[in-house]
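For reference, the structure is listed below as structure tokens.
2 protein chains.
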Amino acid sequence: MENSKETILYNDADINRAARCLKAMSHPLRLKILCVLGTESISVQDIVEQVGTSQSNISQHLAILREKDILGYKKEANRVYYYIDDERMLQLIRMMRDVFCSSC
Amino acid sequence: MENSKETILYNDADINRAARCLKAMSHPLRLKILCVLGTESISVQDIVEQVGTSQSNISQHLAILREKDILGYKKEANRVYYYIDDERMLQLIRMMRDVFCSSC
DNA sequence: TACCTACATTAACGTATTATTATTTACAAA
DNA sequence: TTTGTAAATAATAATACGTTAATGTAGGTA
Numbered sequence: 001m002e003n004s005k006e007t008i009l010y011n012d013a014d015i016n017r018a019a020r021c022l023k024a025m026s027h028p029l030r031l032k033i034l035c036v037l038g039t040e041s042i043s044v045q046d047i048v049e050q051v052g053t054s055q056s057n058i059s060q061h062l063a064i065l066r067e068k069d070i071l072g073y074k075k076e077a078n079r080v081y082y083y084i085d086d087e088r089m090l091q092l093i094r095m096m097r098d099v100f101c102s103s104c
Numbered sequence: 105m106e107n108s109k110e111t112i113l114y115n116d117a118d119i120n121r122a123a124r125c126l127k128a129m130s131h132p133l134r135l136k137i138l139c140v141l142g143t144e145s146i147s148v149q150d151i152v153e154q155v156g157t158s159q160s161n162i163s164q165h166l167a168i169l170r171e172k173d174i175l176g177y178k179k180e181a182n183r184v185y186y187y188i189d190d191e192r193m194l195q196l197i198r199m200m201r202d203v204f205c206s207s208c
């Protein structure tokens, strides 16, 4: 038994912050949006096509990610481009790939 | 077959699996349970004390983690010891610490 | 036996999420 | 102006989730 090190310790503030982020990622459509985005900026239209649900649905999920400061966006002409605005989130997504991507 | 070496790409099965795990982790009490457990086996009683809510509440959250195969348990006398049963989950928790633990 | 402790389960209730549909705003081109 | 396209918002209804309180169960002890 290895209990050598002190426990993996979070204080409650860290826990809550992490839980908030995890919750934002924990919906299949939102996670897919994040995976599709990766390090790129992609228009809503293209996100809709790559993720595969209605524009309205995507827009609502984008709003959730936007409001939690996970996504940033920039308007160009009449398109809106979203991108991952949080370096920790990018880190997490890369980690997810390592942990969950069976084919890698 | 697989083109997903360079892009951060999940197939839907991986996405859903990951989202399922994230969802299980994304509640503050459940995340705290996982952090408290770390690599150890801890009795329900001790989890209740360390996490800080009612026994009933903990028991219900433990059931959720158990049913998603995130936690395993063993009975000894009239105590039940829970532990993290999924290596990927342990990996994720360690990652969370790196990403979210401000004080480490 | 009876009693206590540790844990699980259930019910009830309120709240939060979700997808769908319809509407609306913003912008560009004709 | 009118028309078309991109995106956001609003409203609804179905479902899922979370907390509390009460009850149930099994193992240990007197």
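For the record, the sequence lines run as chains A and B. Counting in our numbering, the first sequence runs from 1 upward without gaps. Counting in our numbering, the second sequence runs from 105 upward without gaps. Heads up, the beta-carbon is just placed ideally off N, CA and C, and yes, glycines get one too.
DSSP, read as helix, strand or coil, puts LYS68/A in coil. LYS23/A reaches chain B at SER130, counting residues in chain order whose Cβ is nearer than 7 Å. Between SER26/A and LYS127/B, the beta carbon gap of about 4 Å places them in contact (Cβ cut-off 8 Å). Per DSSP, ASN182/B lies in no alpha helix (DSSP H) segment and is marked neither H nor E.
Taking 9 Å as the CB threshold, TYR82/A stays off the interface with chain B.
Excluding its 5 nearest sequence neighbours in each direction, ILE146/B has C-beta neighbours in its own chain below 8 Å: VAL140, GLN154, TYR185, TYR186 and TYR187, listed in chain order. Contact check for LEU92/A against MET199/B passes: the beta carbons are separated by less than 9 Å. Taking the Cα of LYS136/B as reference, the smallest distance to any Cα among ARG20/A, GLY38/A and THR39/A is reached at ARG20/A. SER59/A sits in a helix when the DSSP states are folded into three classes. Any Cβ of chain A closer than 9 Å to the Cβ of VAL203/B would place that residue at the interface, and such an atom is present.
Contact annotation for GLN195/B against chain A: VAL99 [CB-CB distance below 7 Å, chain order]. Using a 10 angstroms sphere on the CB of ASP12/A, the tally of other CB atoms stays under 16, which defines it as exposed. If you draw a straight line from the Cα of ARG134/B to the Cα of SER54/A, it comes to about 32 Å. At a cut-off of 9 Å between beta-carbon atoms, LEU62/A makes no contact with chain B. For ASN16/A, a Cβ of chain B is located within less than 9 Å of the residue's own Cβ.
Between PHE204/B and TYR10/A, the C-beta spacing is below 9 Å.
Chain-order list of chain B residues neighbouring LYS32/A: TYR114, ASP116 and ILE119, by C-beta distance under 8 Å. Taking CB atoms only, ALA77/A has no neighbour in chain B less than 9 Å away. ARG170/B has a beta carbon lying at 9 Å or more from every beta carbon in chain A.
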